[in-house]
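Here the structure comes first, spelled out in structure tokens, and everything after it is commentary.
Residue numbers (this note's numbering), protein chains in the order written: chain A, 14 to 452; chain B, 14 to 452; chain C, 14 to 452; chain D, 14 to 452.
Shown next as structure tokens:
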């Protein structure tokens with residue numbers, strides 16, 4: 014924008030100036046590359062570069078125009094500089110009343126942010142294992158809300174109102190679908206050994222002529238296993254109904270992303286929904302709707318009524334810029350190592366306390382029986398030992414996804430972003446928690 | 014928490030220390046008062062005090078525990094310090110999957126923030142003119158989305174799916190209601206002199222046994238006038254149906270708040286929805302659902318599926334803390350003066366260019382005919398003159414709220430937060446814009 | 014540096030992008046102008062623009078080079094991002110070991126900052142009333158230290174070690190001169206009516222063949238009056254000795270700057286030293302050495318041994334950019350009004366309590382007798398009433414600048430940056446303080 | 014200050030509130046410990062805790078008093094929030110005109126900061142290897158300036174003006190001593206094998222009855238070796254003169270700190286001066302004067318004329334809080350490993366290019382001959398290869414510390430804060446630089 018070399022002539026010695034501009038250029042290079050390539054960078058960015066990019070783009074919004082006059086009822090006015098800082102200057106929000114991804118003429122900068130966010134979200138999902146996804150849209154909504162919007166798209170498209178839902182005991186997706194008035198037909202899971210699964214034939218049976226969609230799930234606490242999304246994709250194709258995958262925290266796992274890739278290749282997958290925070294280490298508040306078919310993500314984006322907070326958008330963009338592809342893969346490697354370690358450590362604890370690990374497929378979490386302990390007390394002990402995250406369930410609690418499980422259990426996660434220290438400390442505290450909760 | 018007087022003994026001279034702690038106490042006093050009174054402060058806070066409060070509260074969330082171990086799939090981990098800063102440390106979001114206003118055990122600080130936000134939102138609405146409102150809930154959603162949630166509450170409660178809607182040509186509320194599958198029966202407005210109004214008898218006629226609710230509107234561009242919410246409230250009471258008021262940017266206006274107070278007193282008002290940004294100078298992204306009946310705001314808050322971004326919540330809280338009651342009243346005084354000035358200035362311009370002001374009740378905006386000018390060109394000229402916000406409509410455009418209006422027109426706002434300079438510059442540029450668009 | 018128009022093609026609609034870049038350009042315009050004109054801007058800058066400029070320039074320093082390798086013993090490494098933030102990224106300090114204003118090859122950005130700082134400091138002093146100053150250097154040192162350096166220059170140049178010093182009872186300048194081993198010959202002031210002045214003939218007598226310089230003072234608490242710098246300049250010219258003016262907080266006053274301009278025109282002035290914080294509302298820590306003769310400021314700048322903190326430099330630059338010429342003149346107008354008001358208010362208080370104002374020339378402060386009150390108690394009362402800044406002196410205290418004054422007194426300032434509210438509150442509290450301290 | 018448990022009753026559920034306050038307490042614990050123990054923490058602090066401490070303390074300064082009235086000529090007023098932020102709110106500077114370490118009554122917070130800074134500086138030096146140091150004072154001045162102040166103390170105390178100075182070719186200390194008018198008698202170094210040293214007998218001979226002090230040096234570029242401070246300490250004791258050690262970047266080295274400890278035990282050491290940035294990873298701008306005798310650091314602190322910038326003080330405090338003792342020891346371990354690695358890598362490069370390492374004692378840097386290369390070109394090549402810090406000298410350049418050295422050479426540092434990557438890259442680029450500079 015400004016030719017610094019010329020402007021700064023006769024200030025400091027030429028060779029010092031020249032070297033300084035050279036360094037500045039090197040700092041700005043990631044931004045140039047982003048604009049040019051529109052992909053997630055290989056190397057993560059330093060915080061100061063992200064901050065700079067955001068400042069620069071926020072200066073394209075009309076509320077920054079020093080000679081602009083603002084005479085509308087909504088002009089991104091703020092009550093104090095601190096309030097603006099809370100939005101990093103992106104005060105116009107994203108979208109227009111008709112479409113949340115539509116560029117907002119008053120806010121060129123925010124619109125660019127959102128453009129790059131969606132581009133990079135797709136790039137990230139593709140490189141994370143599902144190259145057959147073809148469009149993505151980051152929404153400033155909880156995963157459950159976005160599943161609701163996705164279900165609404167299915168409902169509008171098919172003019173049917175029923176969703177077949179392999180049982181997952183989680184309020185949010187259910188509430189999301191109910192909000193948009195879909196009738197959810199829950200199909201109970203069954204126990205097979207230790208695993209809790211919904212058999213494909215039961216799903217098949219549940220489909221009626223009123224069925225608009227199946228909503229399957231890839232990530233939940235063991236012993237509930239991921240749904241067989243490939244089989245469900247084939248079923249959906251056969252039945253000509255929508256297939257929405259709730260991939261809440263599946264992006265972190267190479268194995269789960271492979272399942273999704275396989276499902277798309279093998280049958281029908283219309284929308285895949287995932288959390289930004291659970292997969293990409295952002296503050297809670299966003300989700301990504303992705304699809305092998307761009308028209309579906311567009312339909313989802315048109316469901317949102319009004320302009321929305323830009324905060325979850327910029328938080329997600331900042332997060333993936335700071336990670337970069339390499340950073341993300343490093344985290345995934347670490348996640349896999351930690352999952353391994355968690356199993357090893359929990360097994361030792363289990364043996365010591367006459368419990369056993371549940372034999373279930375789950376690339377993120379591990380579950381252990383609590384047959385000989387007071388389950389609720391174990392949970393309470395963990396909390397007072399400052400361990401957050403473990404879940405303790407008894408045989409008929411909400412959460413087991415079936416009628417009755419064979420024993421109480423505790424689950425712990427080796428989720429992306431956890432450290433080896435977390436795993437070691439958590440399992441050693443589990444040891445203590447069990448000691449104090451023997452029956 | 015820490016007794017500084019004792020801890021800091023034998024550091025600097027006693028009287029200097031003492032005076033220093035006295036000053037610190039004076040800086041902290043607004044925080045103490047907020048915790049004690051739980052009301053909007055009389056005087057607005059300085060930014061540094063708000064910042065400090067937020068830091069302190071964010072340190073109550075479990076992700077800050079230096080000795081905590083985090084083993085869940087969702088633990089507010091972030092990819093870099095900058096990402097955390099974008100959320101001011103409130104990385105857990107608000108709410109639980111069952112209820113967005115439910116305290117989140119992992120996030121005591123964010124839960125407190127949300128508690129105070131809702132308390133202060135109600136206090137603000139009451140002191141802004143509607144003391145008969147009895148509960149409020151700030152949602153991280155566009156006004157249109159919240160109107161949708163409100164309509165869904167009406168639908169669930171009445172088990173009916175129809176909404177009678179005095180026509181307002183704005184996509185968001187419509188889309189919000191459609192998202193939750195309410196059938197919107199739009200009642201066209203009629204022209205009466207210059208004013209565009211929906212007669213109460215037409216609304217009455219539109220009500221059927223399928224009607225769950227009427228959704229009325231207090232703020233829109235002239236010549237559309239505010240709905241007669243008092244008469245509608247009586248009608249709703251008579252018909253035993255819900256009455257939801259879209260009070261999008263009405264809080265800024267004492268007159269409109271008086272209308273709402275009157276409506277509540279006279280008949281039935283179940284939910285009043287308003288924008289945070291349009292009324293309280295926050296970044297776009299939030300809305301407030303308020304009600305004379307706490308059970309309705311609670312039902313609205315339970316509609317949200319999942320945990321949501323805390324950003325719109327903290328932005329709103331920061332905004333009203335920085336304003337204070339006095340600051341807000343100063344802004345309202347200024348708004349009224351500016352509205353007056355806008356009318357005076359536009360009148361002059363109109364006379365000069367052989368146009369006239371539309372004779373319509375509207376406490377925020379002013380409209381002027383464009384009979385002798387190329388309307389679209391006037392709009393374009395204003396944009397290139399760096400004026401954002403004016404709206405130019407021709408006789409049958411979406412926006413007129415009736416079949417056909419008698420002439421094209423332009424509207425401009427004297428909204429809260431606008432300055433006298435904005436008004437003067439905008440009207441002088443309008444003068445220029447007209448000159449270049451004579452027919 | 015980056016051609017955004019081309020790089021961002023096919024992102025958001027062309028006209029939105031275009032308008033966005035137009036706004037960005039408008040935000041960047043002050044920076045371009047600064048680089049081009051190298052003068053204090055007419056209009057003060059917004060904080061975000063100053064912040065941006067600083068970030069951009071700090072990215073020219075070698076410690077920011079992403080591919081640089083740093084193998085020296087001093088490479089601006091910092092222990093944490095917060096530490097870097099405390100320096101706004103200018104971690105290399107200013108200067109080289111030989112000369113504090115010499116460009117530092119490792120730090121092109123900091124060197125540019127310092128270049129502009131000194132340019133703007135001179136421009137500011139010239140436009141503030143002394144256009145006959147021809148060079149300026151901002152030093153990260155207290156005014157007293159810089160007076161010491163200036164005296165050292167006089168000592169080196171003349172090869173004499175004595176300074177004649179019209180008595181001002183302030184430790185710092187004295188200590189500064191003693192540090193560099195100048196022998197200070199203090200000439201007592203005398204009382205003339207209420208005024209305390211050093212007669213020119215006494216100064217003339219004090220000069221010996223050992224005298225290197227006279228150090229005069231323009232600003233001190235009344236009843237001490239500003240030295241007659243014009244007469245001293247003539248004396249210095251006649252005697253062929255240095256004349257250093259301690260203009261500590263004189264820049265704020267148009268009248269005092271006029272005196273300095275007159276002194277330079279009429280005789281000999283070698284160096285004029287002023288505080289950055291007292292004149293330009295920066296944090297304490299800097300001073301400006303200025304001269305009608307560039308070689309003298311250069312000699313001062315070569316006195317500093319080593320590289321110095323960049324903090325006082327960037328704080329000063331930020332301050333004058335945020336003020337602008339217009340902002341500074343507004344503050345000076347306000348200072349003049351406040352000085353007037355202070356006199357008026359104090360006079361009322363004085364009459365009420367049977368005291369009187371001292372009849373002394375001082376464009377910033379006002380003094381009042383404390384004949385009928387316990388002076389020390391008045392001082393103490395003011396402190397407990399939370400008034401900082403007033404000085405209370407008894408007849409023979411250090412501070413009176415002469416052998417014995419005719420009565421105790423209190424002085425209060427209407428300094429630049431004070432508000433009308435400060436003046437009104439301070440004098441009303443003075444009223445209270447006097448009541449409780451009657452003899 | 015505020016009892017949150019009681020104040021926040023009836024907000025969120027009791028157990029959530031309780032846990033939240035527990036986490037907050039854990040975050041605040043380092044601050045409590047600092048206030049109580051007044052020592053460098055074992056574990057480094059997180060940036061947010063340092064930031065919080067600084068905010069809290071800055072709120073003790075009178076300029077923050079919301080009901081205070083400021084009527085002095087110097088009240089820490091600032092022109093904009095950004096300017097205040099540049100000082101992190103510590104706008105009063107440190108010290109009083111009489112003594113830079115004296116508490117400033119208007120600035121209790123800054124005074125506390127300075128109190129802790131000096132306490133922790135001493136603690137750090139003691140634990141870094143010199144427990145026989147008994148007081149320390151951090152000065153916002155370059156090391157060279159502080160050596161000047163130290164020499165001035167020696168001059169005043171002994172009433173003599175000569176300093177004997179084992180030759181080190183560095184401008185700053187020389188200029189510092191000259192500024193305070195000490196006569197520097199430089200004693201040339203001699204070559205012994207590869208090493209450049211000043212023999213103790215030559216120093217002994219140089220001492221005259223005019224000698225106030227010897228100023229020795231522990232850290233410089235090889236082949237100049239550290240002075241034998243123990244022998245010099247004995248000599249100083251015998252001759253009853255001051256001994257000032259310029260320990261510029263010696264704190265990082267356990268071996269050098271051992272030399273200092275030994276010197277203090279064996280003879281006379283009055284003041285030890287070190288850089289904050291070179292040892293503790295702060296931005297450039299501060300130095301520490303330490304002494305086995307508290308009266309000497311006090312005398313140094315009284316030399317500064319006026320109030321000074323608080324910036325170098327808070328930067329240093331932030332740096333050591335962020336490091337902690339453990340963090341510092343980790344850095345020192347790394348420094349030692351890197352020094353080792355540097356030697357190994359340079360040796361390889363030397364052999365490849367027919368040069369050899371100089372056989373000299375130096376725990377930080379390594380030197381290599383440039384007999385068969387164009388020395389100046391090697392230096393230039395390194396610069397264009399983006400390596401900063403290496404020094405290239407020819408036989409008679411300023412820097413060799415003796416009459417003539419036996420060959421040209423290049424030195425590179427493995428200083429504290431350098432990474433293994435720095436060492437490897439620098440030496441591999443040296444390889445390239447040599448290739449292109451063969452004679």
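Where is the CB? At the ideal position from N, CA and C, for every residue including glycine. Model, not experiment: these values are computed from the prediction.
For the C-beta of residue 122 of chain B, the chain D residues within less than 9 Å are, from N- to C-terminus, 33, 36, 37. Rounded to whole angstroms, the gap between the alpha carbons of residue 136 of chain D and residue 254 of chain C is 49 Å. If only complete runs of 4 or more residues are kept, the stretch 115 to 163 of chain C shows the alpha helix (DSSP H) at 121 to 140, in order along the chain. At least one CB of chain B lies nearer than 8 Å to the CB of residue 73 of chain D.
If only uninterrupted alpha helix (DSSP H) runs of at least 4 residues are considered, those enclosed by the stretch 50 to 109 of chain D are 60 to 71, 94 to 99. Taking 7 Å as the cut-off between beta carbons, none of the residues of the stretch 191 to 219 of chain C comes near chain A. Under the Cβ criterion of 8 Å, residue 87 of chain C is not counted among the residues facing chain A. The beta carbon of residue 329 of chain D sits no closer than 8 Å to any beta carbon of chain B.
Residue contact check for residue 49 of chain A against chain C: a CB pair falls below 8 Å. Taking the Cβ atoms as the reference, residue 279 of chain A lies roughly 29 Å from residue 315 of chain A, outside the contact range of under 8 Å.
By the Cβ neighbour-count rule, residue 156 of chain A is buried, with 16 or more other Cβ atoms within 10 Å of its own. Sequence-distant partners of residue 444 of chain A (beyond 5 residues in either direction) whose C-beta falls short of 6 Å from its own C-beta, in its chain, are 362.
From the beta-carbon of residue 68 of chain B, the residues of chain D found nearer than 7 Å are 65. Only 293, 294, 295, 296, 297, 298, 299, 300, 315, 316 from the stretch 293 to 316 of chain B bring a Cβ to less than 9 Å from some Cβ of chain A. The Cβ atoms of residue 231 of chain C and residue 263 of chain C sit closer than 8 Å to each other. The three-state reading of DSSP puts residue 245 of chain C in helix, counting H, G and I together. Inter-segment contact for the stretch 391 to 410 of chain D and the stretch 363 to 377 of chain D is absent: fewer than three beta-carbon pairs are separated by less than 8 Å. The beta-carbon distance between residue 211 of chain A and residue 164 of chain A, rounded to whole angstroms, is 18 Å. This is too long to meet the 8 Å contact definition. From the beta-carbon of residue 94 of chain D, the residues of chain A found nearer than 8 Å are 94. Between residue 41 of chain B and residue 125 of chain D, the C-beta gap is not smaller than 8 Å, which leaves the two residues out of contact. Between residue 78 of chain B and residue 399 of chain A the beta-carbon gap is near 6 Å, inside 8 Å, which marks them as a contact. Taking each of D/282, D/119, D/152, D/380 in turn and checking the Cα distance to residue 318 of chain D, the smallest one comes out for D/152. Looking at the backbone, the Cα of residue 300 of chain B and that of residue 286 of chain B are separated by about 7 Å. Per DSSP, residue 235 of chain B lies in no beta strand (DSSP E) and is assigned neither H nor E.
Around the beta carbon of residue 16 of chain A, fewer than 16 other beta carbons sit within 10 angstroms, so the residue counts as exposed.
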